[in-house]
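From first to last, the protein sequence lines stand for chains D and A.
Quick note: the first sequence uses my numbering, first residue 1, plus one each step.
Quick note: the second sequence uses my numbering, first residue 1001, plus one each step.
The block underneath contains the structure these notes are about, expressed in structure tokens.
There are 2 protein chains.
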Amino acid sequence: MNTTGTAWRPQTVRRANLSTVLAAVRDRGQASRSELVSATGLTRSAIGGLVAELDELGLVREHGAASDGSPGRPSQVVHVDGRRVGAVAVEIAVDGIGAAIVGLDGTVIHSRRLMRSRETVPVEQTVRDVIGLLRALGVESPTIGGRRLVGLGVAIAGLVDDATNVVVRAPNLGWTDVGLGEALGAQLGFELPVFVANDGDVGALAEVRFGAGVGIGEMLYVSGEVGVGGGLFVGGRRVAGRSGFAGEIGHMPINPDGRPCRCGSSGCWETETGELALLARGGRDSDAGIHALAEMIEAAERGEPRAVAAFADEARWLGLGIAGLINIFDPELVVLGGFFGPILPLIGEQLRREVEARVFLGAARTVPIVASRLGADGGLIGAAELAFEPLVENPLMVR
Amino acid sequence: MNTTGTAWRPQTVRRANLSTVLAAVRDRGQASRSELVSATGLTRSAIGGLVAELDELGLVREHGAASDGSPGRPSQVVHVDGRRVGAVAVEIAVDGIGAAIVGLDGTVIHSRRLMRSRETVPVEQTVRDVIGLLRALGVESPTIGGRRLVGLGVAIAGLVDDATNVVVRAPNLGWTDVGLGEALGAQLGFELPVFVANDGDVGALAEVRFGAGVGIGEMLYVSGEVGVGGGLFVGGRRVAGRSGFAGEIGHMPINPDGRPCRCGSSGCWETETGELALLARGGRDSDAGIHALAEMIEAAERGEPRAVAAFADEARWLGLGIAGLINIFDPELVVLGGFFGPILPLIGEQLRREVEARVFLGAARTVPIVASRLGADGGLIGAAELAFEPLVENPLMVR
């Protein structure tokens, strides 16, 4: 009877082991061989061989750590190699487009942004704008600055079918059933795998890999823009749902008597907590966007009653929803992205009180609520992660 | 360099392979060797050895399938063996206690129930009642009727710390920080591992293994009793959260102007949709419990206006919450347990309309909403699963 490891196909095991080691290094930023042995359950000699192979593939590099003063030679530390492969990242928000080259270590190498009006923008124009940004970044072939590009990742403020890269619905852009992945791939001018995903999922992914959520298995990410989106990590894995549509937390009904939402429902969390609702409550011009928001934050800090009251309402509605999501998920950490991050210093105290009063174990179970650590770059870093995921799954693809 | 499977410790691999095969058979109810090869990625000869070993352990048996008329000998089919190991299952609800012996195939062999008043019941009395029920079932040693018992699983209407088997909070029972697992273990009279979990999680587990959720990776289970609970499955795995407290969907805030909830918050989903709210809206005595509910269902079927209106309200509030949960999770299936199952024929049409109007992709994304298939036995079958999980993880534990 054969129940040892050789029951698995050797090639499958080798690929899986390379993937396990690369993922373990990325999860930690860096790791010693001993840490990799205990993290993966693989033997020390196997780790040695796998690290050497990942180095040959241009994915990790190993060098001596600074001596800690203890006797003996300094131990070798394995790092992600950010210099040899890269991803192209694109973010399509309601008020603008961003693009970047990102290294395998999550570093944004170059980036460009284009602000656009909040009027709904036709798909064709958006594709042209994206390609224009990429050309400006120098993206013209599968190699840039000595870096091999492994894919193009796109974050968009809409519902995306992961399997087909189709934007099924983006109410705040006015798009329905847009084959965005295909359109971008066709205009790119060279072959590159394209991955499109919802911006909330992508933002959450970035925080888990490189931001406030590093090392956190159970994370709730809540992001406020014109729309409110989010992403959920359970056991260190993104919750995608049946069709990749999970995380539409902005559309949980929160106010049975609330106003109509652009999604067709009413009283959605987004209609109470999104940028438009906040600006309207503060008596600001909602078309002025983040500039009006910045002005309103200042006004609230000065004590302007209308601005203060608007942020108090914001804290209340945000707290209602976050409390519900904590009761549903029991996360270790709640990370606030988009404009929810910058307003946290202003509303944090009331928000936490509101949440504590409604969480099932109350004060006994304080879940930290923190601002995104990546800020405005989060979307681009997360979009690049989409392109890196298949590589981490199968490091041999760059052979 | 060694990157083949022998980088893993052989004993770890053997245990993992036995577990993989046992889990694959259980997931399917039964499976041919060919199905196991494709389900597990193991070789045919490895499957043969593993099945033989699981048979020796008393966990599966193999016999010829009914011939399908095609030539050649009938292929062998591997089944879970329900005769040789078993689990003790206990369910502690607000209005009674149930206990059972359950086979590894999910069959309830014997069960007993004890109805109790809805007054809060002291812990000591509850432990005595449970032990009494177990004695009445003949549970006196780790073997019963030739079956080896692998554990005692307990489902309870409260929040449970999975690691310690402590009932942290059960507002509807009036319990806080009760070491229920330890107390039951001490009174049992013989050594048996005890596993305590929230009834919503346990009900969901039963549906996934043996009920409406078989083969479903992304399932939302919503159960109505006095309390409203639930369980979530993502990628075929139960969402537990940081401390096992996930799934408290009954305490998502749904009505900002709602009444106080026993949890300390107000306007929780449970306060609008639980049994007490439904009976109160129908003008029924809420202490009469399921009898009053049965009478009210009949009255609504006859067209009694107050009962009809109460069920219409129930459909509306239930729909609001289910729509939110669908937007958050994108499940393949919603399963309704507790009294939500039996009232589904009455409220289903309105409920589905309500959900469709609020789900992000509306009618384009109809998620089936069905009643639990296990009915009243679900809690006991799920409680037994708690005890079987470590065995499936490591089949060698019964060696």
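Ideal Cβ positions, reconstructed from N, Cα and C, are used throughout, including at glycine.
Taking the alpha carbon of residue i as the point to measure from, which residue in the options has its own alpha carbon closest?
{"i": "Asp161 of chain D", "options": "D:Ala197, D:Ala186, D:Gly375 and D:Ile101", "result": "D:Ala197"}
{"i": "Leu1137 of chain A", "options": "A:Ala1099, A:Val1127 and A:Asp1129", "result": "A:Ala1099"}
{"i": "Ala387 of chain D", "options": "D:Val166, D:Leu192, D:Val127 and D:Leu188", "result": "D:Leu192"}
{"i": "Leu1205 of chain A", "options": "A:Leu1374, A:His1291, A:Val1398 and A:Leu1396", "result": "A:Leu1374"}
{"i": "Pro1395 of chain A", "options": "A:Arg1009, A:Asn1017 and A:Pro1010", "result": "A:Asn1017"}
{"i": "Gly1174 of chain A", "options": "A:Leu1114, A:Gly1267 and A:Ile1092", "result": "A:Ile1092"}
{"i": "Pro342 of chain D", "options": "D:Trp317, D:Glu356, D:His291 and D:Thr366", "result": "D:His291"}
{"i": "Ala1240 of chain A", "options": "D:Gln11, D:Gly241 and D:Ile326", "result": "D:Ile326"}
{"i": "Arg1147 of chain A", "options": "A:Leu1114, A:Gly1086, A:Gly1096 and A:Leu1184", "result": "A:Gly1086"}
{"i": "Gly274 of chain D", "options": "D:Arg306, D:Val308 and D:Asp313", "result": "D:Asp313"}
{"i": "Gly1303 of chain A", "options": "A:Gly1282, A:Leu1133, A:Ser1286 and A:Trp1317", "result": "A:Gly1282"}
{"i": "Ser1372 of chain A", "options": "A:Thr1126, A:Val1123, A:Leu1344 and A:Glu1356", "result": "A:Leu1344"}
{"i": "Glu1356 of chain A", "options": "D:Gly132, D:Thr176 and D:Ser265", "result": "D:Ser265"}
{"i": "Leu1413 of chain A", "options": "A:Gly1213, A:Phe1210 and A:Leu1134", "result": "With chain A represented from 1001 up to 1399, any question about residue 1413 of chain A goes unanswered, as that position is not in the structure."}
{"i": "Arg44 of chain D", "options": "A:Val1051, A:Arg1009 and A:Gly1049", "result": "A:Arg1009"}
{"i": "Arg1399 of chain A", "options": "A:Asp1055, A:Asp1129 and A:Ala1212", "result": "A:Asp1055"}
{"i": "Ile109 of chain D", "options": "D:Arg83, D:Arg116, D:Arg209 and D:Leu57", "result": "D:Arg83"}
{"i": "Ser1223 of chain A", "options": "A:Ala1376, A:Thr1164 and A:Ile1047", "result": "A:Ala1376"}
{"i": "Leu1361 of chain A", "options": "D:Glu354, D:Thr176, D:Glu124 and D:Ser19", "result": "D:Thr176"}
{"i": "Trp317 of chain D", "options": "D:Arg306, D:Glu354 and D:Arg15", "result": "D:Glu354"}
Across which residues does DSSP place residue i in a beta bridge pair?
{"i": "Phe233 of chain D", "result": "D:Met219 and D:Arg238"}
{"i": "Phe1195 of chain A", "result": "A:Gly1153"}
{"i": "Ser32 of chain D", "result": "D:Val77"}
{"i": "Glu1062 of chain A", "result": "A:Val1078"}
{"i": "Leu268 of chain D", "result": "In the sequence as displayed, the identity of residue 268 of chain D is Cys instead of Leu. Cys268 of chain D pairs with D:Pro253."}
{"i": "Ala371 of chain D", "result": "D:Leu336"}
{"i": "Pro435 of chain D", "result": "Past the edges of chain D, shown from 1 to 399, lies residue 435 of chain D, and the structure says nothing about it."}
{"i": "Val178 of chain D", "result": "D:Val167"}
{"i": "Val85 of chain D", "result": "D:Arg148"}
{"i": "Val1228 of chain A", "result": "A:Gly1224"}
Thinking C-beta only, is residue j closer than 8 Å to residue i?
{"i": "Gln76 of chain D", "j": "Arg112 of chain D", "result": "no"}
{"i": "Val90 of chain D", "j": "Gln30 of chain D", "result": "no"}
{"i": "Arg169 of chain D", "j": "Pro1253 of chain A", "result": "no"}
{"i": "Gly106 of chain D", "j": "Ile328 of chain D", "result": "no"}
{"i": "Pro256 of chain D", "j": "Leu1278 of chain A", "result": "no"}
{"i": "Tyr1221 of chain A", "j": "Gly1200 of chain A", "result": "yes"}
{"i": "Leu59 of chain D", "j": "Asp81 of chain D", "result": "yes"}
{"i": "Val1121 of chain A", "j": "Leu1152 of chain A", "result": "no"}
{"i": "Leu276 of chain D", "j": "Ala315 of chain D", "result": "no"}
{"i": "Gly230 of chain D", "j": "Arg238 of chain D", "result": "no"}
{"i": "Leu1159 of chain A", "j": "Phe1245 of chain A", "result": "yes"}
{"i": "Val1392 of chain A", "j": "Val1367 of chain A", "result": "no"}
{"i": "Arg1203 of chain A", "j": "Gly1379 of chain A", "result": "Here the sequence assigns Gly to residue 1203 of chain A, which means Arg is not the residue at that position. A contact, by the Cβ cut-off of 8 Å."}
{"i": "Ile1369 of chain A", "j": "Ile1297 of chain A", "result": "no"}
{"i": "Phe1190 of chain A", "j": "Pro1260 of chain A", "result": "no"}
{"i": "His251 of chain D", "j": "Glu272 of chain D", "result": "no"}
{"i": "Cys1263 of chain A", "j": "Pro1171 of chain A", "result": "yes"}
{"i": "Ile1097 of chain A", "j": "Val1130 of chain A", "result": "yes"}
{"i": "Glu1385 of chain A", "j": "Arg1209 of chain A", "result": "yes"}
{"i": "Ile101 of chain D", "j": "Ile47 of chain D", "result": "no"}
{"i": "Ser286 of chain D", "j": "Ala280 of chain D", "result": "yes"}
So residue i and residue j are in contact, right, with Cβ under 8 Å, and what is the actual spacing, rounded?
{"i": "Ile216 of chain D", "j": "Glu332 of chain D", "result": "5 Å"}
{"i": "Phe1311 of chain A", "j": "Glu1225 of chain A", "result": "Their Cβ separation, rounded to whole angstroms, is 17 Å, which puts Phe1311 of chain A and Glu1225 of chain A out of contact at 8 Å."}
{"i": "Leu36 of chain D", "j": "Val21 of chain D", "result": "6 Å"}
{"i": "Asp330 of chain D", "j": "Glu207 of chain D", "result": "Between Glu207 of chain D and Asp330 of chain D the Cβ distance is about 18 Å, and since that is not below 8 Å, they are no contact."}
{"i": "Leu336 of chain D", "j": "Ala300 of chain D", "result": "Not confirmed; about 17 Å, so no contact."}
{"i": "Asp1095 of chain A", "j": "Gly1289 of chain A", "result": "6 Å"}
{"i": "Leu1149 of chain A", "j": "Val1088 of chain A", "result": "6 Å"}
{"i": "Val166 of chain D", "j": "Val178 of chain D", "result": "7 Å"}
{"i": "Val1127 of chain A", "j": "Leu1184 of chain A", "result": "6 Å"}
{"i": "Thr1040 of chain A", "j": "Ala1024 of chain A", "result": "6 Å"}
Open item on the list: Report the start-end ranges of each alpha helix (DSSP H) in the segment 1087-1175 of chain A that is 4 residues or longer and not cut off at the edges.
Closed with: You should have 1123-1136.
- [ ] Run through the segment 292-336 of chain D for me and flag every whole alpha helix (DSSP H) of 4 or more residues, listed as ranges in chain order.
- [x] 305-329
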